[in-house]
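K.L.:
Please find one structure pasted underneath; my questions will follow.
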Amino acid sequence: MDHMLSRKVGGNSVIMLSLPTWLRRLLADRLAALGVLLLAGFILVGVFAPYLAPHDPVAVELGKRLLPSGEVYPLGTDHLGRCVLSRLIWGTRVSLSTSFLVLITIMWISIPYGMLAGWCGGRVDNLLMRLVDTLLAFPRLIFALVIAGMLGPSLTNVMLALGAVSWVRFARLIRGLVLQVREREFVLAARGCGTSARRILFTHILPNIIGPLVVLATLDMGWLILGISGLSFLGLGAQPPTPEWGTMLNDSRPYFQVAHNLMLYPGLAIMLAVLAFNLLGDGLRDVLDPHGFTRRR
Amino acid sequence: MWFFYVVLWEVVAIKRYLLKRLLYLLPVMMGVSLITFGLINLAPGDPAEVILRAGGAEPTREAVEALRDELGLNDPLYVQYGRWLWQAAGLDLGKSFRTGQPVAAEILCRFPATLELTCAAMALVVLSALPLGILAALYRHALVDHLTRFGALAGASMPGFWLGLMLIYCFSVKWGLLPVMGRGGIDHLILPAVTLSFGMAATYARLLRASMLEVLGQDFIRVARAKGLAEKWVIGRHALKNALLPVVTMLGLSFGHLLGGTVIVESIFAWPGVGKFCLDAIFNRDYPVVQGYALFMAVVFVVVNLAVDISYRLIDPRMRLSDKM
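Chain order of the listed sequences is A and B.
Reading the first sequence from the start, the letters are residues 1 to 297 in the numbering used here.
Reading the second sequence from the start, the letters are residues 298 to 622 in the numbering used here.
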């Protein structure tokens with residue numbers, strides 16, 4: 001099956017990325033397929049969290065503190081007697097939804113911004129890109145930390161901070177792509193027909209640059225998950241009792257001499273989720289971004 | 298005579314380039330300072346009130362007004378910015394709300410610890426990536442190759458704070474080999490440096506492998522082999538020298554990223570560096586410290602990147618050539 005797929009793909013060398021083709025090419029890549037599988041698993045767990053979780057993730061039972069794995073609590077309980085597995089399952093929902101929300105926000109800002117810079121060129125471009133350069137002058141994690149720290153500890157503030165530092169890279173990528181595409185014949189033709197700039201940008205240019213954008217977005221989802229859990233771990237993000245992976249890790253720090261498995265599982269969950277996005281992103285890059293615009297530096 | 302002109306031309310070209318890069322730095326630095334200045338406005342509540350509350354008592358309206366006047370918070374924003382920038386240029390970043398000490402001095406006296414950690418991590422990256430990358434390129438699809446691939450994938454996905462905790466658990470708690478936290482001798486440095494460098498080391502091994510493979514396929518390697526040069530010289534001198542060039546540039550740029558990653562590592566290992574200092578300041582709502590930290594790190598980051606850019610041009614003659622044309 002796998003072999004047939006790859007042969008079929010190999011024969012079809014024209015890059016016509018109609019949906020079934022790119023999906024088939026993506027799944028022919030074994031690591032990317034693993035990423036898709038992992039991601040599908042996480043999404044299902046997140047969506048069906050209320051049905052999958054064996055216990056209430058925030059129900060405190062002080063009589064059952066720090067229990068080891070057992071029949072009633074498959075992964076044991078934490079320092080407040082809460083079911084670790086249930087918290088992990090609900091944490092999937094928190095991590096995926098928050099990072100996705102941040103990603104959507106980033107897109108809302110960076111797509112118009114980058115397209116404006118790329119399309120207008122000249123002085124507008126210069127001015128807009130100066131701001132981007134300035135924001136890129138800060139190390140990303142440190143800038144996010146400082147913004148979140150100034151705003152005060154809360155999950156919303158962490159999301160705002162991560163959004164504020166992450167949109168820049170998208171804006172720069174989009175601007176570069178627009179600069180390349182805008183001189184192509186179909187854009188000139190559309191201009192010749194008197195199509196409005198807005199229509200050209202959104203119906204002609206955007207579909208042509210969406211590939212690298214999707215790749216960067218997928219890879220960035222992994223970074224966002226790491227960022228959210230990292231800042232939560234530092235105590236800036238999700239506040240107890242929210243079941244969030246980073247917060248769970250932070251909560252278990254004082255107990256890791258007696259119950260090290262408390263630390264093991266949230267970390268594994270974060271790693272697998274980020275791995276899923278990284279694998280998928282790398283696979284997508286081969287399929288959607290053959291020119292390597294999003295290659296990591 | 299001819300040679301003299303070439304050298305002169307070279308010097309002039311590099312000087313012009315340096316000047317251009319330094320001038321380019323100005324707007325970026327202005328922007329950085331504007332953003333850092335703006336940061337304080339993100340904080341909820343009035344700074345004057347925060348300072349007075351830090352003293353413990355509930356402030357009266359008059360006291361807040363008086364302090365606002367004293368701090369110049371009633372002046373227009375551009376006056377405040379001008380004053381702040383002027384002070385910052387003179388390395389005066391204000392005083393910590395909590396300790397009353399000047400922020401710049403506090404940051405500077407903690408920076409060596411952070412720098413030590415970053416340099417140790419960098420050394421680890423180089424020391425492990427170099428042999429691993431070369432071996433992975435020479436023995437493709439062998440165990441080493443797969444190991445570095447797995448390491449790069451895992452390293453990019455693994456949260457550093459988790460790795461740090463796991464390392465502490467294994468090496469300090471379970472086996473009692475290394476100290477848990479704090480700064481001291483070389484044994485204190487090992488775990489934090491490994492935590493900080495793990496992902497990057499594997500990534501660089503992959504990078505070096507790719508670069509090596511590319512170089513090994515080129516004609517001058519075939520010539521070197523054809524003239525009967527021993528394989529150790531072909532690899533060690535001819536191939537490695539050329540393969541290292543792109544890797545070294547990126548390594549320089551990664552220095553900044555390592556520096557950025559220190560916050561979390563310092564927090565786990567209670568390493569007394571600037572990152573931990575800033576984190577404590579955040580929870581104490583000590584805003585001048587946070588602001589000073591942001592400015593300081595941005596400046597370091599920018600300067601390091603500039604230095605890397607410039608030294609790369611000095612190392613690689615091809616870059617100079619492209620500038621002339």
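Note that CB positions come from ideal geometry on N, CA and C, so glycine has one too.
With 8 Å set as the bound, which would you pick, yes or no: does the beta-carbon of Ser-425 (chain B) sit closer than that to a beta-carbon of chain A?
P.N.:
So no, Ser-425 (chain B) is outside the interface.
K.L.:
Do the CB positions of Ile-147 (chain A) and Leu-339 (chain B) come within less than 8 Å of each other?
P.N.:
Contact: yes.
K.L.:
Going along the chain, which residues of the segment 449-482 of chain B sit with their C-beta nearer than 9 Å to a C-beta in chain A?
P.N.:
Taking 9 Å as the Cβ-Cβ cut-off against chain A, the residues of the segment 449-482 of chain B that qualify are Leu-450, Ala-451, Ala-453, Ser-454, Met-455, Pro-456, Gly-457, Phe-458, Trp-459, Leu-460, Leu-462, Met-463, Ile-465, Tyr-466, Val-470, Lys-471.
K.L.:
Return the CA-CA distance between Leu-162 (chain A) and Arg-169 (chain A), expressed in angstroms with no decimal places.
P.N.:
Near 12 Å, if we compare the C-alpha coordinates of Arg-169 (chain A) and Leu-162 (chain A).
K.L.:
Sort A:Gly-246, A:Ile-142, A:Trp-119 by Cα distance to Leu-96 (chain A) and report the nearest one.
P.N.:
When only C-alpha atoms are compared, the closest one is A:Gly-246.
K.L.:
Given a threshold of 16 other Cβ atoms within 10 Å of its Cβ, counted over all protein chains shown, does Ser-69 (chain A) qualify as buried or as exposed?
P.N.:
Exposed is the call here.
K.L.:
Measuring only between beta-carbons, confirm whether Ser-393 (chain B) sits less than 8 Å from chain A.
P.N.:
So no, Ser-393 (chain B) is outside the interface.
K.L.:
Mind pulling the alpha helix (DSSP H) runs of 4 or more residues that sit fully within the segment 404-488 of chain B?
P.N.:
Those alpha helix (DSSP H) runs which fall completely within the segment 404-488 of chain B and span 4+ residues are 440-454, 457-464.
K.L.:
Out of B:Gly-549, B:Ser-564, B:Ala-439, point me to the one whose CA is closest to Ala-604 (chain B)'s CA.
P.N.:
Considering only alpha carbons, the answer is B:Gly-549.
K.L.:
Can Pro-153 (chain A) and Gly-91 (chain A) be called in contact, C-beta distance under 8 Å?
P.N.:
No, Cβ-Cβ distance for Pro-153 (chain A) and Gly-91 (chain A) is not below 8 Å.
K.L.:
Between B:Gly-570, B:Leu-435, B:Lys-392, which lies nearest to Gly-479 (chain B) when the distance is taken from Cα to Cα?
P.N.:
Of the candidates B:Gly-570, B:Leu-435, B:Lys-392, the one whose C-alpha sits nearest the C-alpha of Gly-479 (chain B) is B:Gly-570.
K.L.:
Could you check what DSSP says for Thr-77 (chain A) in three-state terms: helix, strand or coil?
P.N.:
Residue state, collapsed to three classes: strand.
K.L.:
Looking at chain B, which residues of the segment 274-293 of chain A have a Cβ within less than 8 Å of any of its Cβ atoms?
P.N.:
Cβ contacts with chain B come from Val-274, Leu-275, Asn-278, Leu-279.
K.L.:
Tell me which residues share the same chain as Ser-13 (chain A) and place their Cβ nearer than 8 Å to its Cβ, disregarding the 5 neighbours each side in the sequence.
P.N.:
At Ser-13 (chain A), the pLDDT of 42 sits below 50, so the modelled position is not reliable; the number obtained from the coordinates is stated separately. Answer for Ser-13 (chain A): no residue qualifies.
K.L.:
In whole angstroms, what is the alpha-carbon distance linking Leu-264 (chain A) and Leu-23 (chain A)?
P.N.:
Going by the C-alpha atoms only, they are around 34 Å apart.
K.L.:
Of all the alpha helix (DSSP H) runs that stay within the bounds of the segment 51-136 of chain A, which reach a length of 4 or more residues?
P.N.:
The qualifying runs are 84-120, 122-136.
K.L.:
Going by Cα to Cα distance, which pick from B:Arg-395, B:Ala-498, B:Ile-532 is closest to Leu-429 (chain B)?
P.N.:
The shortest C-alpha separation from Leu-429 (chain B) is found at B:Ala-498.
K.L.:
Ser-494 (chain B) CB to nearest chain A CB: under 8 Å?
P.N.:
Cβ-Cβ to chain A under 8 Å: no for Ser-494 (chain B).
K.L.:
Compare the C-alpha of Leu-224 (chain A) against each of A:Tyr-255, A:Asp-289, A:Ile-106 and name the closest.
P.N.:
When only C-alpha atoms are compared, the closest one is A:Ile-106.
K.L.:
For Leu-231 (chain A) and Glu-367 (chain B), what's the separation of their Cα atoms in angstroms?
P.N.:
So the two alpha carbons sit approximately 35 Å from each other.
K.L.:
Contact between the segment 423-441 of chain B and the segment 483-503 of chain B is defined here as three or more beta-carbon pairs at a separation below 8 Å; is this criterion met?
P.N.:
Judged by Cβ distances under 8 Å, the segment 423-441 of chain B makes contact with the segment 483-503 of chain B, as three or more pairs qualify.
K.L.:
Checking 8 Å against the spacing of the C-beta atoms, do Val-287 (chain A) and Arg-30 (chain A) come in under that value?
P.N.:
Taking 8 Å as the Cβ cut-off, Val-287 (chain A) and Arg-30 (chain A) do not qualify as a contacting pair.
K.L.:
Helix, strand or coil for Lys-524 (chain B), going by three-state DSSP, please let me know.
P.N.:
In this structure, Lys-524 (chain B) counts as coil in the three-state DSSP scheme.
K.L.:
Using a Cβ-Cβ distance cut-off of 8 Å, determine whether Leu-77 (chain A) contacts chain B.
P.N.:
The sequence shown places Thr at residue 77 (chain A), not Leu. It does not: the Cβ of Thr-77 (chain A) has no partner Cβ on chain B nearer than 8 Å.
K.L.:
By a C-beta neighbour count over all protein chains shown, 10 Å radius and 16 as the cutoff for buried, is Gln-588 (chain B) buried or exposed?
P.N.:
So Gln-588 (chain B) counts as buried.
K.L.:
With burial defined as no fewer than 16 other Cβ atoms inside 10 Å of the residue's Cβ, what is the status of Glu-359 (chain B): buried or exposed?
P.N.:
Answer is exposed; the Cβ neighbour count stays below 16.
K.L.:
Could you tell me the alpha carbon to alpha carbon distance between Ala-189 (chain A) and Ala-197 (chain A), rounded to whole angstroms?
P.N.:
Near 12 Å, if we compare the C-alpha coordinates of Ala-197 (chain A) and Ala-189 (chain A).
K.L.:
At 7 Å on the CB atoms, spell out the chain A contacts of Ser-564 (chain B), in chain order.
P.N.:
Here the neighbours are Leu-234.
K.L.:
Check whether chain A comes within 8 Å of Pro-324 (chain B), counting only Cβ atoms and requiring the distance to be less than that.
P.N.:
At least one chain A Cβ lies under 8 Å of Pro-324 (chain B).
K.L.:
Pair every Cβ in the segment 125-137 of chain A with every Cβ in the segment 72-79 of chain A, then say whether three or more of these pairs are closer than 8 Å.
P.N.:
The segment 125-137 of chain A is not in contact with the segment 72-79 of chain A.
K.L.:
If you draw a straight line from the alpha carbon of Asp-606 (chain B) to that of Ile-311 (chain B), how long is it in whole angstroms?
P.N.:
Spanning the two alpha carbons is a distance of roughly 12 Å.
K.L.:
Roughly how many angstroms lie between the CA atoms of Ile-228 (chain A) and Ala-269 (chain A), to the nearest whole one?
P.N.:
Going by the C-alpha atoms only, they are around 13 Å apart.
K.L.:
By DSSP, does Arg-297 (chain A) sit in helix, in strand, or in coil?
P.N.:
Note that Arg-297 (chain A) scores a pLDDT of 40, beneath 50, so its modelled location is shaky and nothing firm can be said.
K.L.:
Quick one: what's Lys-529 (chain B) bridged to in DSSP?
P.N.:
In the DSSP output, where bridge partners are listed per residue, Lys-529 (chain B) has none listed.
K.L.:
Using a beta-carbon distance below 8 Å, is Gly-230 (chain A) in contact with chain B?
P.N.:
Gly-230 (chain A) counts as touching chain B.
K.L.:
For chain B, find out if any of its Cβ atoms is closer than 8 Å to the Cβ of Phe-42 (chain A); answer yes or no.
P.N.:
No, its Cβ sits nowhere closer than 8 Å to a Cβ of chain B.
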